[in-house]
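Just below is one structure, and these are the notes that go with it.
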Amino acid sequence: AWGCLSGTAGSDQSVCTVCGVGFYSATGNASGTDTACTACAAGYTTVGSGTTGTSASVCSICAAGYSGTSSGGVSGCSICSSGSYAPAGNGNSCSQLSCSNSVDASGHLYVPAEVTGISSYAFNYCSNLKTISFASGSLLKTIGQQAFYQSALTSIEIPMSVTSIEYQAFGNCQSLTSATFASGSLLKTIGSYAFQQSALTSIEIPMSVTRIEYQAFGNCQSLTSFKASCASTMSIDSNAFRSSGLTSVS
């Protein structure tokens with residue numbers, strides 16, 4: 040494996056002159072006589088870039104998304120449960136993402152790449168939540184039941200990795216005017232009442248979606264446009280758009 044400093048531009052590994060965070064080599068370099076950097080095991084990382092060493096013991100801290108204390112870079116760090124997170128380092132505990140501890144003063148929620156799920160009810164009735172962003176390389180899989188129900192969220196781009204949006208996840212989000220899906224989306228299911236009574240004006244469904252459930256977009260009275268790929272084989276419940284303002288399907 041190759042390590043490389045974040046943001047390094049180039050077409051091959053020759054531009055990687057120093058081992059990046061989470062990698063190490065005998066010299067700390069990634070070129071010259073020592074051309075390859077060794078990756079730390081999953082759950083473990085180095086304190087910084089350019090780490091010098093010949094064994095996993097230099098992976099001396101737990102990686103982001105893991106709690107505990109690294110012991111020789113091979114034990115002591117445990118992955119956080121879905122919906123929780125811990126920063127890189129030793130002695131950190133996993134904390135559940137929630138309205139009370141994850142939304143900043145400007146109303147923004149940042150979701151680290153290591154978070155695999157937004158827990159049910161995590162941000163429901165969160166009146167101070169307005170915007171959300173996801174780290175590059177997000178591993179998010181599920182957005183849980185009523186995760187953002189009746190929050191003040193205004194827009195969201197759902198990461199490619201998400202496969203399921205569950206019951207009422209964005210239900211009654213009356214400020215939510217835009218929901219888009221990252222290119223290459225793996226989304227399979229949009230659950231019952233997922234966006235019910237939100238303020239969406241249009242929606243374009245990824246080709247990966249196989250099922251849109253009962254009243255997923257029910258009572259979305261501002262929703263006038265629905266788009267889906269002609270190659271899609273999705274199943275759409277007959278009441279998926281009940282009492283919406285839908286006028287255009289393409």
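Just so we're on the same page, this note's numbering is the position in the sequence shown counted from 1, plus 39. By construction, the Cβ of each residue, glycine as well, lies at the ideal position given by its N, Cα and C atoms.
Could you check whether residue j and residue i sit closer than 9 angstroms to each other, using their CB atoms as the reference points?
| i | j | result |
| --- | --- | --- |
| residue 191 | residue 207 | no |
| residue 182 | residue 205 | yes |
| residue 79 | residue 98 | yes |
| residue 118 | residue 109 | no |
| residue 196 | residue 219 | yes |
| residue 255 | residue 231 | yes |
| residue 116 | residue 102 | yes |
| residue 107 | residue 140 | no |
| residue 258 | residue 287 | no |
| residue 68 | residue 56 | yes |
| residue 152 | residue 87 | no |
Cα separation between residue i and residue j?
| i | j | result |
| --- | --- | --- |
| residue 112 | residue 129 | 11 angstroms |
| residue 71 | residue 83 | Below a pLDDT of 50, predicted positions are generally treated as unreliable, and residue 71, at 46, falls in that range; no measurement from the model is reported. |
| residue 186 | residue 137 | 9 angstroms |
| residue 134 | residue 127 | 13 angstroms |
| residue 248 | residue 274 | 9 angstroms |
| residue 59 | residue 90 | 8 angstroms |
| residue 149 | residue 142 | 8 angstroms |
| residue 285 | residue 154 | 34 angstroms |
| residue 244 | residue 175 | 22 angstroms |
Please return the same chain residues whose Cβ sits closer than 8 angstroms to the Cβ of residue i, not counting the five positions on each side in sequence.
| i | result |
| --- | --- |
| residue 240 | 216, 217, 261, 262, 263 and 264 |
| residue 211 | 188, 189, 235, 236 and 237 |
| residue 202 | 180, 181, 225, 226, 227 and 228 |
| residue 200 | 177, 178, 179, 180 and 225 |
Leaving out the 5 sequence neighbours to the left and right, which residues in its chain are closer than 6 angstroms to residue i when beta-carbon positions are compared?
| i | result |
| --- | --- |
| residue 198 | 173, 177, 179 and 221 |
| residue 289 | 266 |
| residue 250 | 228 and 274 |
| residue 252 | 230, 231 and 276 |
| residue 147 | 170 |
| residue 194 | 217 |
| residue 280 | 256 |
| residue 223 | 199 |
| residue 164 | 189 |
| residue 184 | 159, 205 and 206 |
Ignore the nearest five residues each way along the sequence and tell me which others in residue i's own chain have a CB closer than 7 angstroms to its CB.
| i | result |
| --- | --- |
| residue 246 | 268, 270 and 271 |
| residue 93 | 65 |
| residue 144 | none |
| residue 81 | none |
Which one or two residues does DSSP pair with residue i in a beta bridge?
| i | result |
| --- | --- |
| residue 274 | 250 |
| residue 97 | Looking at the DSSP assignment, residue 97 forms no beta bridge with any residue, so it has no partner. |
| residue 77 | 63 |
| residue 178 | Residue 178 is not bridged to any residue. |
| residue 131 | 107 |
| residue 149 | 172 |
Three Cβ pairs or more, each shorter than 8 angstroms: is that satisfied between the region 215-232 and the region 164-171? Using a C-beta cut-off of 8 angstroms, the region 215-232 makes no contact with the region 164-171, since fewer than three inter-stretch Cβ pairs fall below that distance.
Are the region 149-159 and the region 106-123 touching, with three or more C-beta to C-beta distances below 8 angstroms? Between the region 149-159 and the region 106-123 there are three or more inter-stretch CB-CB distances shorter than 8 angstroms, so the stretches are counted as touching.
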